[in-house]
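Notes follow once the structure below has been shown.
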Amino acid sequence: MDVYRRWFCTCSSTRVELAYEAIAEGETDEPGEPTCPRCGATPSSDPRRTVSYEDVPLFKD
Ligand SMILES: [Zn+2]
């Protein structure tokens with residue numbers, strides 16, 4: 705089953721969903737990494753360990 709991974713950051717009292725940055729075409733082959741709009745944490749740069757994720761199933765018609 706396909707899943708969509710949603711990332712969250714708990715740097716504030718409210719859980720914030722990380723946003724995928726738009727990466728300029730040609731800049732990198734890597735897919736964009738989600739970043740917390742509030743503290744800038746990412747799944748690979750998470751010094752305060754506030755980043756967590758949730759896998760949401762994708763249902764196809
Ligand atoms: Zn954060």
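When we follow the working numbering, the leftmost residue of the sequence shown carries the number 705, and every step to the right adds one. Ideal Cβ positions, reconstructed from N, Cα and C, are used throughout, including at glycine.
Between residue i and residue j, is the Cβ-Cβ spacing less than 8 Å?
i, j, result
"CYS715", "ARG753", "no"
Quick one: residues in its chain with C-beta nearer than 8 Å to the C-beta of residue i, no 5 flanking neighbours on either side, listed in chain order?
i, result
"SER748", "GLU737"
"ARG709", "TYR757, GLU758, ASP759 and VAL760"
Can you tell me where the beta strand (DSSP E) with residue i in it begins and where it stops?
i, result
"PRO761", "755-761"
"ARG710", "707-713"
Using a Cβ-Cβ cut-off of 7 Å (strictly less than) and excluding sequence neighbours within five positions of residue i, which residues of its own chain qualify?
i, result
"TYR724", "GLY736 and PRO738"
* In chain order, what residues have a CB nearer than 5 Å to some heavy atom of ligand 1? -> CYS713, CYS715, CYS740, ARG742, CYS743 and ALA745
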